[in-house]
Amino acid sequence: MPALQRDTGWGPMQAYFEAARAAHAALSQAGFPVELHQPNLPVFAAEGEAKELAAAHKEGKHLWRGDAYVQLADRGRIVGLCRFLRDQLAYQQIIDVTAVDHAAEDKELWGMYAFLSLTTKLRLSVKTMIPKDDCRIDSIVPVYPGANWHERETAEFYGITYTGHPDPRHMLLPDDWVGNPLRKDYKFPEEYHGISCV
Amino acid sequence: MLTDPVTAAAPAPPQGNLWTDLMHGVFPDGMPWWMVAVLGAAVAFAAVMLFVTVIAMFSIWLERKVAGHIQVRLGPMRVGGWHGWAQSVADGVKLLLKEDVVVTGADRLLFKLAPALVLGTALAMFVALPFAPGLQIADVDLGVFFLISISSITTIGVIMAGWGSNNKWSVYGAMREAAQVASYEIPLGLSLMPPVIYYGSLSLRTATDMQAGWLGLHWYVFDPLHFWIAIPSFVLFFVAALAETKRAPFDLAESESELVAGFHTEYSGIRFSFFFLEEYAAMFVMSAVGAALWFGGWNFPGVTQMPEGALRDFLCVVVFTVKSMLLVFVMMWVRWTLPRIRIDQVMTLGYKYLTPLSLILVFAAAVLEYFLALAPSVLP
Amino acid sequence: MGALSQKFEDNVLTTKVDWLLNWARLSSIWPMTFGLACCAIEMMAVGGPRFDIDRFGAGAFRATPRQADLMIVAGTVNFKMGERVKRLYDQMPNPKYVIAMGACATGGGPYYKFGYTVMKGVDRIVPVDVYVAGCPPRPEALLEGLMLLQQKIRRQKVVRVPKVAEIPSTPSIA
Amino acid sequence: MERAAPSPGLLQPGQREIELDVRTQDVEINMGPQHPSTHGVLRVLIRADGEIVTAAQSHLGYLHRCAEKIGENVDWLQYLPYTDRYDYLAAMNNNLGYSLAVEKLLGIEVPPRGQYLRTLIVELNRIASHLIAFGTYGLDIGAFTPFFYAFRERELLLDIFEKICGARLTYSFIRPGGVFNDAPPGWLQHVEDFCRQFEKKWPEYWDLLVENKIFIERTANVGIIPRDLAIAWGCTGPMLRGSGVDWDLRRDQPYLVYDRLEFKVITGVGYRGTVGDCFDRNYVRMLEMVESLKMVRQCLDQMPEGEVSHPDVGLIIRPAPGEAYVGIENPRGELGHYVVSDGSKIARRVRVRAPSFCNLSLVEHIMPGTMLADAVAIIGATDIVIGETDR
Chain A
7 MPALQRDTGW
17 GPMQAYFEAA
27 RAAHAALSQA
37 GFPVELHQPN
47 LPVFAAEGEA
57 KELAAAHKEG
67 KHLWRGDAYV
77 QLADRGRIVG
87 LCRFLRDQLA
97 YQQIIDVTAV
107 DHAAEDKELW
117 GMYAFLSLTT
127 KLRLSVKTMI
137 PKDDCRIDSI
147 VPVYPGANWH
157 ERETAEFYGI
167 TYTGHPDPRH
177 MLLPDDWVGN
187 PLRKDYKFPE
197 EYHGISCV
Chain B
163 MLTDPVTAAA
173 PAPPQGNLWT
183 DLMHGVFPDG
193 MPWWMVAVLG
203 AAVAFAAVML
213 FVTVIAMFSI
223 WLERKVAGHI
233 QVRLGPMRVG
243 GWHGWAQSVA
253 DGVKLLLKED
263 VVVTGADRLL
273 FKLAPALVLG
283 TALAMFVALP
293 FAPGLQIADV
303 DLGVFFLISI
313 SSITTIGVIM
323 AGWGSNNKWS
333 VYGAMREAAQ
343 VASYEIPLGL
353 SLMPPVIYYG
363 SLSLRTATDM
373 QAGWLGLHWY
383 VFDPLHFWIA
393 IPSFVLFFVA
403 ALAETKRAPF
413 DLAESESELV
423 AGFHTEYSGI
433 RFSFFFLEEY
443 AAMFVMSAVG
453 AALWFGGWNF
463 PGVTQMPEGA
473 LRDFLCVVVF
483 TVKSMLLVFV
493 MMWVRWTLPR
503 IRIDQVMTLG
513 YKYLTPLSLI
523 LVFAAAVLEY
533 FLALAPSVLP
Chain C
1208 MGALSQKFED
1218 NVLTTKVDWL
1228 LNWARLSSIW
1238 PMTFGLACCA
1248 IEMMAVGGPR
1258 FDIDRFGAGA
1268 FRATPRQADL
1278 MIVAGTVNFK
1288 MGERVKRLYD
1298 QMPNPKYVIA
1308 MGACATGGGP
1318 YYKFGYTVMK
1328 GVDRIVPVDV
1338 YVAGCPPRPE
1348 ALLEGLMLLQ
1358 QKIRRQKVVR
1368 VPKVAEIPST
1378 PSIA
Chain D
460 MERAAPSPGL
470 LQPGQREIEL
480 DVRTQDVEIN
490 MGPQHPSTHG
500 VLRVLIRADG
510 EIVTAAQSHL
520 GYLHRCAEKI
530 GENVDWLQYL
540 PYTDRYDYLA
550 AMNNNLGYSL
560 AVEKLLGIEV
570 PPRGQYLRTL
580 IVELNRIASH
590 LIAFGTYGLD
600 IGAFTPFFYA
610 FRERELLLDI
620 FEKICGARLT
630 YSFIRPGGVF
640 NDAPPGWLQH
650 VEDFCRQFEK
660 KWPEYWDLLV
670 ENKIFIERTA
680 NVGIIPRDLA
690 IAWGCTGPML
700 RGSGVDWDLR
710 RDQPYLVYDR
720 LEFKVITGVG
730 YRGTVGDCFD
740 RNYVRMLEMV
750 ESLKMVRQCL
760 DQMPEGEVSH
770 PDVGLIIRPA
780 PGEAYVGIEN
790 PRGELGHYVV
800 SDGSKIARRV
810 RVRAPSFCNL
820 SLVEHIMPGT
830 MLADAVAIIG
840 ATDIVIGETD
850 R
């Protein structure tokens, strides 16, 4: 039985790389402070990759695999970037707005935005850094209304304030919940309204 | 609780019926007329109560079995043994034993009065049903009129229940019921007119008598000259009756997927069981009216021709009940097949389609009778 | 039953009355339509054609707690929902029963350790009669839970005086 | 296309006067979290003027189970059972989405038979999920019987799943590296038998519910979502296709072996009303069942021999550092898994982009102006799974 015709089983990889490259080019031309991040490991793991990774880790080299993404240096321009993506590059849909907290001692959160174009069939990830001590970023709801609930959710999970959000209530947690559960330094509650949590 | 207004108002029935005959048997010298009336009413009430309870419980069991079999399952199978025949008994006893909750903030008087009113009207309707030649509690001259006017009182009970419950869902259910019944009274009443014109009487007894005869050809629906009016008017009546009894697809008052349980959301235990009984009693009454006016009442080939007597009366009761239960079965069948209509569509259907259609039918029936009266000799 | 409840000594009559009342209760356990999570799908399957809980007389799913006898807590209860579960339980009229269906309702299940909003068992807010194990339990397991509940109801004393500190006896075969 | 999110506006109590000095007051109704037609524990706060809904506001979180936090605390493979549990109606699809994301970081390819088995079983699961959607939608509209018919067929499907992985609902069958085990003997025949049976039953559903006059009246022209609104709000799946957008990840960004299968992408065409109404959403689901059946048949025909799993993937997985997003076509829309790895055996972040969550966010904005019964129809047509919206 022959191997599969296509390179992967998880979707068109190359299209993503090209999408990130093209978007990076267009965005930098439009004056956005963006940089392109592309994985430096091959799409498929070679034999003995684990050793190679361990060696690279010792040397402090960052080898990584996965999706290419575009990083926005100035988080204040996220709304403009979204509008550019929507109007110029035909990314009609916001797929996801989320954040990543890598470690409790990190000073910054990643703000992640995933876009999808229904016409060019491309996907794009945009990342921007949000410092934890000034945890605010502009809301992109005016551009993509679909980001509404994603931002509400991320706001309560990470304590990010999306300035200009039309409906900044709690999304999933009770209104009187204390803490931002997806932060790495989150302490699990002992009790809630008199009901023990352990 | 309930004194039958009709029996009380007509103290000395001109001919003896079964009950008065019985009384005369016990007191051969005769009783004072008021004692006859009171005792007759009491016995009638007991009989109706028993009959209604049995019929309603049987219908509830049947509903669950019918629903089960339509839905490719079995329905109750364990309780009591054979096909869960005791299911309704268990349900009834359990509901009696449940805690009787009266909600905080409820209008206690309305809340408690509503189930009694609803069940009372359902019982009152049984008074006019002609079960057998010798077994009708009161042969009301205005039988049909009496039935449809009494059946609307149920609505008042429903509104009381909805309002008294201090629950928004209940109020919605009550208001829907009010709107729905108010609009379906008209087609219901009008769809009863063609048979009334045909029989020339509002009495169900007269109607049944006029349908006596061999085979079913004297039944209104099968009458060779009238079936083309009888069948559409029956369909109209049936649809309006579904709406009147709050059955699907017109069960907006208690529509489970929208209003939780509608007007009886806050009712539990025995009071809830009153609503339950009423629903099935009302279904039976409506079906019985249909059976009496369109399907020959107690008449059945062979039974009609039997000599008068207890056996014949018994068979008549069986025939009448079976006919009514068949119509009840059709109501159940409809319920488990069709989706529910929205309230504005209910109104549209009632006012824009059923009412004009029933008016046309009344007109057609009147014209037909007029011409038949003109030419009595040429037609059979 | 308020005036008569638990006032009478054991004798033939009261035993028979209790038998009848218990029989009615256990034969007509109306559950509340109260699906929370994954287990709710299995609860629906129990009402479905293959398992058909209606065979036991427990198929009349009532949407309103006022008319329900049994709350099947089918799924994970978190703190936000817990208040509602408590309220729904309070809204049910006596006698009322609770089946904790599945691992989450029983004790937090797979969310025990890291589920910061998950209540570690619904028995922290409402009394539970029967626990059904599984994640989610098979429909047969829920049916068995129902039958266990029926057994439990069968042993209840309604008009008879309950013996204080009765040692629970194993049900005999006879 | 600058569409600011309209504020639900439930926060200030309001009265309004209409003509003839009749003062009416809007009623605020709390629908849920325990309500027969909110599909679980969704809570919708509705403000209604009589039967007309004037505003609606969804409240979520009654089933928040911290799936994303758990993802950061347990092993890569340990997380797999949690994916079963957020969309419990289509657990295979969730397993698949997560596995694909992890495989992307692992850089491995599943052997052909594994891929075919995955496609086959995912499509079967899609049928099972759409069956529930169809049945419960009937329930919402007030028809009880379709629900039971749907469950009858679903039980047949669950038998198939049970035979291959031992579970009825939460399978954990598709896992990083392949599938749990190969099909047992006779299993493929069993699937074929199911296809034959289902083919006969499907027209019954169509006649019973979809072509029913009352059903059409209740759903056609109700809750219309125009094309651009659906796109802007990030709707996916049948919700997007019901609005006439021809977009299906299985065709447009093919994963597994979908590029080798022939199938049609069903879009709403306004079969009985306007494009994008509730009827169309249900219509898309109904016809997708047929398409899935076709795909299952093709998978059976093309099923290759060989291994089903990648041999290198053990119980402890250490994917390469990096991040990966994989979106797959779940029965409800695009199910995205965004995983971030630092090379250790525990993930840094597992983000689930739940399709019901995004689809539901639009619902409260199309409800105003409809009737109370329509609100139920709209929620039903969205086909949400609360486990997934809340995670």
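Chains as they are written, first to last, in the numbering used here: chain A, 7 to 204; chain B, 163 to 542; chain C, 1208 to 1381; chain D, 460 to 850. Virtual Cβ for every residue (Gly too), placed ideally from N, Cα, C.
- Query: Taking Cβ-Cβ distances shorter than 8 Å, what residues in chain D pair up with Asp-506 of chain B?
  - Reply: Near Asp-506 of chain B (Cβ distances below 8 Å), the residues of chain D are Glu-510 and Met-830.
- Item | Local conformation of Gln-712 of chain D per DSSP, three classes | If DSSP states are grouped into helix, strand and coil, Gln-712 of chain D belongs with coil.
- Task: Look up Pro-1238 of chain C in the DSSP assignment and say whether it is helix, strand or coil.
- Result: Note: Pro-1238 of chain C maps to strand in three-state DSSP.
- Gln-507 of chain B to Tyr-515 of chain B span [Cα, whole Å]: Each residue's CA atom was taken as its position, placing Gln-507 of chain B and Tyr-515 of chain B some 11 Å apart.
- Message: Quick check on DSSP: helix, strand or coil for Phe-446 of chain B?
- Response: In the structure shown, Phe-446 of chain B sits in a helix (DSSP, three-state: H, G or I).
- Task: Indicate whether Gly-254 of chain B and Met-219 of chain B have their beta-carbon atoms separated by less than 8 Å.
- Result: By the CB criterion at 8 Å, Gly-254 of chain B and Met-219 of chain B fall inside the cutoff.
- Cβ pair Pro-1343 of chain C, Leu-628 of chain D closer than 8 Å: Contact: yes.
- Answer yes if the stretch 365 to 377 of chain B comes into contact with the stretch 310 to 320 of chain B, meaning at least three C-beta pairs across the two stretches below 8 Å, and no otherwise. The stretch 310 to 320 of chain B is not in contact with the stretch 365 to 377 of chain B.
- Message: Quick check on the DSSP output: the beta strand (DSSP E) that includes Arg-504 of chain B runs from which residue to which?
- Response: First-last for Arg-504 of chain B: undefined, no H or E at that position.
- Task: Identify the continuous beta strand (DSSP E) that holds Gly-351 of chain B and give its terminal residues.
- Result: Segment 330 to 353 is the alpha helix (DSSP H) holding Gly-351 of chain B; no beta strand (DSSP E) there.
- Task: Just grab the DSSP bridge partners of Lys-622 of chain D for me.
- Result: Note: Lys-622 of chain D is not bridge-paired with any residue in the DSSP secondary-structure output.
- Indicate whether at least one CB of chain D lies closer than 8 Å to the CB of Met-135 of chain A. For Met-135 of chain A, the closest Cβ of chain D is not nearer than 8 Å.
- Task: Go through its chain and collect everything with a Cβ distance to Lys-190 of chain A's Cβ below 7 Å, but skip five positions before and after it.
- Result: Closer than 7 Å at Cβ, skipping near neighbours: Asp-107, Ala-109 and Ala-110.
- Beta-carbon gap between Cys-817 of chain D and Gly-117 of chain A smaller than 8 Å: Against a cut-off of 8 Å, the Cβ pair of Gly-117 of chain A and Cys-817 of chain D comes out as no contact.
- Message: I'd like to know whether the C-beta of Ala-26 of chain A is nearer than 8 Å to at least one C-beta of chain D.
- Response: Chain D contact via Cβ: absent.
- Item | Where the stretch 1243 to 1273 of chain C meets chain A: residues whose CB sits under 8 Å from a CB there | Listed in sequence order: no entries.
- Message: Using only CA atoms, which one of C:Val-1253, C:Val-1365, C:Gln-1357 and C:Asn-1229 lies nearest to Thr-1240 of chain C?
- Response: Restricting attention to C:Val-1253, C:Val-1365, C:Gln-1357 and C:Asn-1229, the CA atom closest to the CA of Thr-1240 of chain C is found in C:Val-1253.
- Message: Just to confirm the assignment, what range does the beta strand (DSSP E) spanning His-796 of chain D have?
- Response: Counting along the chain, the unbroken beta strand (DSSP E) around His-796 of chain D starts and ends at 792 to 800.
- Can you find a CB in chain A that lies within less than 8 Å of the CB of Ala-526 of chain D? Not one chain A Cβ lies under 8 Å of Ala-526 of chain D.
- Can you have a look at Gly-473 of chain D and say buried or exposed, based on whether 16 or more other CB atoms are within 10 angstroms of its CB? Here the model assigns Gly-473 of chain D a pLDDT of 43, short of 50, so the residue's position is not dependable, and the following value carries that caveat. Label assigned to Gly-473 of chain D: exposed.
- Item | Cut-off 6 Å between Cβ atoms - residues of its own chain near Ala-463 of chain D, not counting five sequence neighbours on either side | For Ala-463 of chain D, the predicted model reports a pLDDT of 42, less than 50, meaning its position is unreliable and no value from the coordinates is stated.
- Query: Would you call the CB atoms of Ile-201 of chain A and Tyr-168 of chain A closer than 8 Å?
  - Reply: Cβ atoms of Ile-201 of chain A and Tyr-168 of chain A: not closer than 8 Å.
- Which value, in whole angstroms, describes the spacing of the CA atoms of Met-7 of chain A and Asn-553 of chain D? Caution applies to Met-7 of chain A, whose pLDDT of 34 falls short of 50 and renders its modelled position unreliable; the value that the coordinates give is listed next. Their Cα atoms are separated by approximately 28 Å.
- Message: Looking only at its chain, what residues have a beta carbon closer than 6 Å to the beta carbon of Ile-1380 of chain C, apart from the 5 residues adjacent to it on each side?
- Response: With a pLDDT of only 48 at Ile-1380 of chain C, under 50, the local geometry of the prediction cannot be trusted, and the value read off the model is given with reservation. Non-local C-beta neighbours of Ile-1380 of chain C in its own chain, meaning closer than 6 Å and more than five positions away in sequence, are absent.
- Cβ of Arg-1232 of chain C within 8 Å of any chain B Cβ: The beta-carbon of Arg-1232 of chain C is placed less than 8 Å from the nearest beta-carbon of chain B.
- Query: Who are the Cβ neighbours of Ala-550 of chain D in its own chain at under 6 Å, not counting the five residues just before and after it?
  - Reply: Counting only Cβ-Cβ distances below 6 Å, and skipping sequence neighbours, we find Asp-543, Thr-629 and Tyr-630.
- Task: Find the nearest neighbour of Ala-74 of chain A within the set A:Tyr-22, A:Val-204 and A:Arg-89, judged by alpha-carbon distance.
- Result: Residue A:Tyr-22 is the option with its Cα nearest to Ala-74 of chain A.
- Please determine, among D:Pro-685, D:Val-728, D:Tyr-664 and D:His-769, the residue with the shortest C-alpha to C-alpha distance to Asn-640 of chain D. Comparing alpha-carbon positions, the option among D:Pro-685, D:Val-728, D:Tyr-664 and D:His-769 lying closest to Asn-640 of chain D turns out to be D:His-769.
- Message: Tell me the rounded alpha-carbon separation between Lys-485 of chain B and Phe-446 of chain B.
- Response: Those two C-alpha atoms are separated by around 10 Å.
- Got a sec, what are the start and stop residues for the beta strand (DSSP E) Leu-130 of chain A sits in? It spans 129 to 137 - the beta strand (DSSP E) in which Leu-130 of chain A sits, taken as one unbroken run.
- If we ignore side chains and look at the alpha-carbon of each, how far apart do Met-355 of chain B and Ile-1260 of chain C end up? Taking the straight line from one Cα to the other gives about 46 Å.
- Task: Could you tell me whether any Cβ in chain A is nearer than 8 Å to the Cβ of Gly-1328 of chain C?
- Result: Judged by the 8 Å Cβ criterion, Gly-1328 of chain C is not in contact with chain A.
- Under the assumption that Gly-735 of chain D contacts Pro-790 of chain D (Cβ atoms under 8 Å), give the Cβ distance between them as a whole number of angstroms. About 19 Å; that fails the 8 Å criterion.
- Thinking just about the alpha-carbon of each residue, which of B:Met-322, B:Val-492 and B:Gly-202 is nearest to the one in Arg-270 of chain B? Nearest C-alpha to Arg-270 of chain B: B:Met-322.
- Using a Cβ cut-off of 9 Å, pull out every chain D residue sitting near Phe-50 of chain A, in sequence order please. Per Cβ cutoff of 9 Å: Gly-566, Ile-567 and Glu-568.
- Write down the C-beta distance between Lys-563 of chain D and Gly-72 of chain A rounded to the nearest angstrom, noting that I regard them as a contact closer than 8 Å. That pair is a contact at about 6 Å.
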